[in-house]
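Chains as they are written, first to last, in the numbering used here: chain A, 1 to 187; chain B, 1001 to 1459. Here a beta-carbon is modelled for each residue, glycine too, at the ideal position from N, C-alpha and C. This one's a predicted model, so the numbers in the text were calculated from it and none came from an experiment. What follows is a short report on a single structure.
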Ligand SMILES: Cc1cc2nc3c(=O)[nH]c(=O)nc-3n(C[C@H](O)[C@H](O)[C@H](O)COP(=O)(O)O)c2cc1C
Ligand code: SF4
Ligand code: FES
């Protein structure tokens, strides 16, 4: 949980002219999400999900845009965005490989899976490959304990994986981004 | 020998599950299939009753929450402010807990994977009975597929007069309910009911100090009921068949406590031959579950230990293989409770120090950081257990770890939510039930011994 924060007083925010929160996203938020909640801030998680999904991370400028749109302060958006692990405050690879390290998975062979991914990508847990294709993380229980060890590649779950399957699964993900780019990785 | 009391599955009626069906035949149940197989009959019956009578039926069924704490559902509903008949109670909410993140737990997922209308029917019944106007399904962020299945099912339910303006069966009941999917974003703590409400409000998932309780002041400050997915999925059959029917499943307490009626989804993981999510009467012994339904222990190994239902519950020792999975398990077998009833089983080769370290790491990672005993204690415990695992700790560190565990959870009022207590129970019961394993990993603490060299010592 992200309750340890870094001093940010001297941080410079990178900006671009084109807004991250596109007209289409604003429309979707106004029509679909805002009416659902008693207060506008209720739509904050959906808004952050949209940005995360479209860009693969949540830039500070996008947080400011969301704040203006929901009529809350940028600090409130940052407070929420920094708490939830699914929101990336720094760019990550085009594909996210998440290996479950919780109880059922660790004791059903997870460490070998992590090692296989590390070897296949040449990176450590928490790192991104030089070509920006893959980021590897370990996270807690994915709700697939009966299919341990379980990994999530982007939004697709794989159960009872063996180290031998890893290269193929990674190649498949890579091929997908060559085909029709998942919308991620505009950085 | 243990015998099932049900002869047909209840929650998994449409989700083929051994011994009643083959897991390979599982598929998403559409609205049409749901209706053809008796769906929304419970809701129709509920709508023909007075809301308070529906609540009364649920109270009599003694249905206990399936989210982990086992709190009686009907009783929880009565904590809402009373509504006079025909009067508008103002905004009131239902929050459905689909955050399912307790390690070892994968049961709500089964319902959302395959039979989403069962929980939607439960939601409709709960909202009618409790006079709730909006329902939010708070689903964990990693359940991408399940969120899509739910969105589709909701669309069908809106189209067929369950939800929306002309809802609760085409406007016949003078009550309408809106229901939405709200995706979480990777935070175990949002499964705690008040943290979940914060997440719905767009805030960080920090549990709230209680009182006020959510039934009086919950989401956006309005009366709110929070129920688990599986709890709600029980409602249609209870209303359709009555509480007496429900009371014939599951078991009664053998120690004078409230009963454990009904069936329960139980996801088995760990070192067994056929892991997976099954449905049984509450009260099935762990041994029967493993040996009879999961093909026994993997590779012919012996049973060593099990977590009864999520890591927060602590551990069942080698001599507790016969523990019955019901709501008495906590008092009978020195664990925190039944939890989610999704056991993780370990064989004889398992390193229990590593198990404790894995769990301690989980809690350190997931502590939300509001309360000092939890934030600091979880970090210290993880460090200590890591040192023990590596062989760099001393005997006195075992007592230190136990002292930290006990002080961060057992004392009422030291922390805001139950996460710290789960951490305490997990670490404490593993260390106590497998003490020799921990002792073998530490270096004896140096105790100075005074040697008296008396007369004649030299000679
Ligand atoms: C740290 C923590 C995590 C929890 N996680 C969940 C969860 O993932 N799902 C759930 O249904 N209940 C969870 N609970 C229990 C809820 O707080 C609450 O008791 C439950 O959702 C109530 O529903 P029920 O009465 O229908 O079981 C958690 C509790 C704590 C303290
Ligand atoms: S007990 Fe732990 S998780 Fe719960 S509110 Fe306190 S710090 Fe947060
Ligand atoms: S422990 Fe890995 S999916 Fe649950």
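- Taking the Cα positions, residue 1276 of chain B is about 45 Å away from residue 1088 of chain B.
- For the set B/1260, B/1194, B/1201 and B/1145, the Cα lying nearest the Cα of residue 33 of chain A is the one of B/1201.
- Residues of the segment 73 to 96 of chain A with a Cβ closer than 7 Å to any Cβ of chain B, in chain order: 79, 80, 83, 84, 85, 86 and 87.
- At a cut-off of 8 Å between beta carbons, residue 1359 of chain B contacts chain A.
- In the three-state reduction of the DSSP assignment, residue 1261 of chain B falls in the strand class.
- Contacts with chain A (Cβ-Cβ distance below 9 Å) from the segment 1175 to 1187 of chain B involve 1178, 1180, 1182, 1183, 1184, 1185, 1186 and 1187, listed in chain order.
- The continuous beta strand (DSSP E) containing residue 1304 of chain B extends over residues 1303 to 1307.
- Annotation for residue 14 of chain A: 59, 60 and 61 place their beta carbon closer than 8 Å to its own, counting only its chain and skipping 5 residues before and after.
- Taking a contact as a CB-CB distance under 8 Å, the pair residue 116 of chain A and residue 163 of chain A counts as one, their CB atoms being some 4 Å apart.
- Legend: CB atoms of the segment 1190 to 1209 of chain B lying less than 7 Å from CB atoms of chain A belong to residues 1199, 1200, 1201, 1202, 1203, 1204 and 1205.
- The Cβ atoms of residue 1150 of chain B and residue 1181 of chain B sit closer than 8 Å to each other.
- Between residue 1194 of chain B and residue 1214 of chain B, the CB-CB gap stays under 8 Å.
- In this structure, the straight-line span from the alpha carbon of residue 1433 of chain B to that of residue 1317 of chain B is close to 6 Å.
- Residues of chain A whose Cβ lies closer than 8 Å to the Cβ of residue 1307 of chain B are, in chain order, 103.
- Residue state for residue 1030 of chain B is assigned as coil, using DSSP reduced to three classes.
- Taking a Cβ-Cβ threshold of 7 Å, none of the residues of chain B is close to residue 62 of chain A; the smallest such distance is about 15 Å.
- Counted as a single uninterrupted DSSP element, the stretch harbouring residue 1424 of chain B is not any beta strand (DSSP E) but the alpha helix (DSSP H) occupying residues 1419 to 1433.
- With a minimum length of 4 residues, the unbroken runs of alpha helix (DSSP H) contained wholly in the segment 1186 to 1214 of chain B fall at 1193 to 1200.
- The beta carbon of residue 1321 of chain B sits no closer than 8 Å to any beta carbon of chain A.
- Near ligand 3, residues with a Cβ at less than 7 Å from any of the ligand's heavy atoms are A/100, A/102, A/103, A/104, A/105, A/141, A/142, A/143, A/144, A/145, A/148, A/149, A/150, B/1103, B/1104, B/1106 and B/1269; the list follows chain order.
- Boundaries of the alpha helix (DSSP H) around residue 45 of chain A: 44 to 55.
- Counting C-beta pairs with one atom in each stretch, the segment 1323 to 1332 of chain B and the segment 1410 to 1421 of chain B have fewer than three that are closer than 8 Å, which means they do not touch.
- Residue 144 of chain A belongs to the set of residues whose beta carbon lies under 8 Å from a beta carbon in chain B.
- For residue 1406 of chain B, the enclosing alpha helix (DSSP H) stretches over residues 1395 to 1409.
- Between the alpha carbons of residue 1443 of chain B and residue 1384 of chain B lies a gap of roughly 13 Å.
- Within the DSSP secondary-structure output, residue 1270 of chain B pairs in a beta bridge with B/1345.
- Residues of the segment 1263 to 1284 of chain B with a Cβ closer than 8 Å to any Cβ of chain A, in chain order: 1267, 1268, 1269, 1270, 1271, 1275, 1276 and 1277.
- Chain-ordered, the chain B residues with CB closer than 7 Å to the CB of residue 42 of chain A read 1200, 1201 and 1202.
- In this structure, DSSP gives residue 1412 of chain B a state outside helix and strand, which the three-state scheme calls coil.
- When DSSP reads this structure, residue 1006 of chain B sits in no beta bridge, so it has no partner.
- The alpha carbon of residue 1342 of chain B has as its nearest neighbour, out of A/90, A/11 and A/141, the alpha carbon of A/141.
- In terms of beta-carbon proximity, residue 1104 of chain B lines the interface with chain A, with at least one pair separated by less than 8 Å.
- Counting only runs of 4+ residues, the alpha helix (DSSP H) found wholly inside the segment 1034 to 1109 of chain B occupies 1041 to 1047, 1051 to 1060 and 1073 to 1077, in chain order.
- The CB of residue 1141 of chain B comes closer than 7 Å to the CB of 86 in chain A, given here in chain order.
- Under the Cβ criterion of 8 Å, residue 1100 of chain B is counted among the residues facing chain A.
- For ligand 1, no non-hydrogen atom lies closer than 7 Å to the CB of residue 1263 of chain B.
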